[in-house]
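In case it helps, this note's numbering puts the sequence shown at residues 44 to 122.
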Amino acid sequence: MRDGNGGEEDLADPGPRNRNLTARQNAVLELLSRGESNKAIARRLGMREGTVKVHVRQILRKFGLMNRTQVAAVCATGR
Numbered sequence: 044m045r046d047g048n049g050g051e052e053d054l055a056d057p058g059p060r061n062r063n064l065t066a067r068q069n070a071v072l073e074l075l076s077r078g079e080s081n082k083a084i085a086r087r088l089g090m091r092e093g094t095v096k097v098h099v100r101q102i103l104r105k106f107g108l109m110n111r112t113q114v115a116a117v118c119a120t121g122r
């Protein structure tokens with residue numbers, strides 16, 4: 044996938060935040076941590092919005108978090 048600067052962007056890179064996430068969940072996590080909406084994530088990754096919602100719920104469960112804001116905070120601190 045290309046980033047906004049014309050370079051390649053690896054949204055599946057598990058990085059230090061991985062909590063046994065799938066490659067697709069990591070891609071959703073990356074965009075989620077940037078504040079993207081479910082609709083925008085679905086469009087970027089070529090999936091249905093309902094599928095994104097499922098991935099978001101799984102990410103929240105695996106991180107033990109309650110909402111998207113907490114996900115962004117965890118990603119920002121690299122925990």
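The beta carbon of each residue, even a glycine, is placed where N, CA and C say it ideally should be.
Can you tell me whether Q68 is buried or exposed? The criterion is at least 16 other CB atoms within 10 Å of its CB, across all chains shown. Under the 10 Å beta carbon count, Q68 is surrounded by 16 or more other beta carbons and is classified as buried.
Once the 5 residues before and after G72 are set aside, which same chain residues still bring their CB inside 6 Å of it? Sequence inspection shows Leu at residue 72; the Gly mentioned does not correspond to that position. Answer for L72: I102, listed in chain order.
Given a threshold of 16 other Cβ atoms within 10 Å of its Cβ, counted over all protein chains shown, does A66 qualify as buried or as exposed? So A66 ends up on the exposed side.
Work out the CA separation of R100 and M90 for me, nearest whole Å. Between M90 and R100, the C-alpha separation is close to 16 Å.
Grab the span of the alpha helix (DSSP H) containing E73 for me, first residue to last. Counting along the chain, the alpha helix (DSSP H) containing E73 begins and ends at 66–76.
Is the beta carbon of V114 less than 7 Å from the beta carbon of L75? Yes, the pair counts as a contact, with Cβ atoms nearer than the cut-off.
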